[in-house]
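FYI, the numbering for the sequence shown is 1 to 312, going by my numbering. Every residue gets a Cβ at the ideal spot worked out from N, C-alpha and C, and that includes glycine. Beneath this line is the structure, given in structure tokens, with notes to follow.
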Amino acid sequence: MVKTKRLKQVLSYNKERGGDSTLEFFDIKPSTLNRYKRLAREKGLEIGNEYDNPKILLLDIETSPIEAEIWKLGKQWVNYSVIKKPRSIITWSAKWLCDSEIMGEKVTPKDAFNRKDKKIMKKLWTLLEESDIIIGHNSIYFDEPIIKTRFILNNLPPVSPYQQIDTYRHSRKEFAFLSNKLDYLGKILANIEKKKTNRNLWTRCVNGGKDGKKALSKMLDYNQQDVRVLEEVYFKLRPWMHSHPNLGLYYEDMGHRCSNCGSKDLEINGNYYTQCGRYNAIRCNNCGAYGREKYSNITKEQRKKLLRSSAR
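Have a look at this one:
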């Protein structure tokens, strides 16, 4: 267990000198620094306010399989008229970024069997309503549409607008990993992996009875570990995200803040060029991400003389 004195030393140094200097001075890994931040929040230590604003929620869901009557195997189009039981959410897990508590709920075996999830959707709706940014893996294509579908089917209204960070999309866009699955990324980037399971667990969850209750508890554990892995993968990918929501907008003292992590520990590091402008490139000493200043560092007279390439 990390002592409070150690947490204060490391995080106070981090607040003053930034992430890179902290990692070097204390000879620790980025994952260790992130763990210290989570422990500080758990202990109620007010050292820095990197994650006080905005409210960033890591989220993952598990769903029941769709049951349908089909007449052949292989790739095919399945009409909705042959569906016996639709899809529903059987567990969800979430945590605030850098917070130690992992929230989550599971349906009862009876509700899983009947594909009902209203009892667990109300709390999830409240969390999304509080959130400024949602982080998920393949969430734009999978999690979000399913969650919104279950909201409307359970007569819940739309939640307040929020921004999304999909680690799966950023992984595909920026890199050429052998796989973009969360388990693989967790292993190679942060030495953390998902819990092992198989298709049979989903079958047991929706069959009802005592075994269904045990299976749903195991599914929730599996779901919660996914959120832990997601957080570590996000921290590794964050400096490389070029379309990350601008966190500087969520602070009253916007000033110069890293758009990816909100830190004020920044330094000018060269220039950033566009077709008709040159800007100071800004490097964040906390997360390592690069940004640029809004206004060009060339004069009006220089801009007047600047030639541009032809459009054709």
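query                                                                                                        : result
Sequence-distant residues of the same chain with beta carbon closer than 6 Å to R283, five excluded per side : E267, N269, Y290
Boundaries of the beta strand (DSSP E) in which D117 is found, first to last residue                         : From DSSP, D117 is part of no beta strand (DSSP E); its letter is neither H nor E.
Separation of I90 from H244, as counted between CA atoms                                                     : 30 Å
Which residues DSSP lists as bridging E62, in chain order                                                    : T91
Residues near P86 by beta carbon distance below 8 Å, same chain, minus five either side                      : I66, R115
Beta carbon of V206 nearer than 9 Å to that of S93                                                           : no
Distance between beta carbons of I165 and I133, contact taken as under 8 Å                                   : 6 Å
Touch test, the region 20-36 against the region 170-182, Cβ-Cβ under 8 Å, three pairs minimum                : no
DSSP state of R292 mapped onto helix, strand, coil                                                           : strand
Rounded separation between I70 and N79 - CA only                                                             : 9 Å
For N180, the residue or residues it bridges with in DSSP                                                    : In DSSP, N180 forms no bridge with anything.
Per DSSP, cross-strand counterpart(s) of E267                                                                : R283
Option nearest W339 by Cα separation, candidates Q224, R308, A112, I188                                      : This structure does not reach residue 339, given that the chain is present from 1 up to 312, and the question cannot be answered.
Residues sharing a beta bridge with W96, DSSP                                                                : L57
Contact under 9 Å by Cβ, L11 with A40                                                                        : yes
Pair within 9 Å by beta-carbon distance, V107 and L128                                                       : no
Interface flag, D211 vs chain D, CB-CB below 9 Å                                                             : Looking for chain D here will not work: only one protein chain is present.
Reference D253; option with closest CA among K122, L185, N53                                                 : N53
Three-state class that DSSP yields for I140 in the structure shown                                           : helix
Given L189 as reference, the closest of L156, R238, P145 once Cα atoms are compared                          : R238
I318 - DSSP class collapsed to helix/strand/coil                                                             : The question about residue 318 has no answer here: the residues shown for the chain are numbered 1 through 312.
Selected residue, minimal CA-CA separation from E231, among H256, N191, G74, L156                            : N191
Backbone secondary structure at M103 - three-state DSSP                                                      : strand
C-beta atoms of L249 and N260 nearer than 9 Å                                                                : no
Integer Cβ distance of I120 from E101, believed to fall under 8 Å                                            : Contact doesn't hold; Cβ gap of about 17 Å is too wide.
Continuous alpha helix (DSSP H) stretch holding Q225: start and end                                          : 209-237
Nearest-angstrom Cβ-Cβ length linking L182 and K194, presumed shorter than 8 Å                               : 7 Å
Cα-Cα separation, L220 to K95                                                                                : 14 Å
Beta bridge counterpart(s) of Y36 as assigned by DSSP                                                        : Paired residue(s): none; Y36 is not in a bridge.
Backbone CA spacing between H137 and C276 [nearest angstrom]                                                 : 36 Å
Residue interval of the alpha helix (DSSP H) (run including K300)                                            : 300-305
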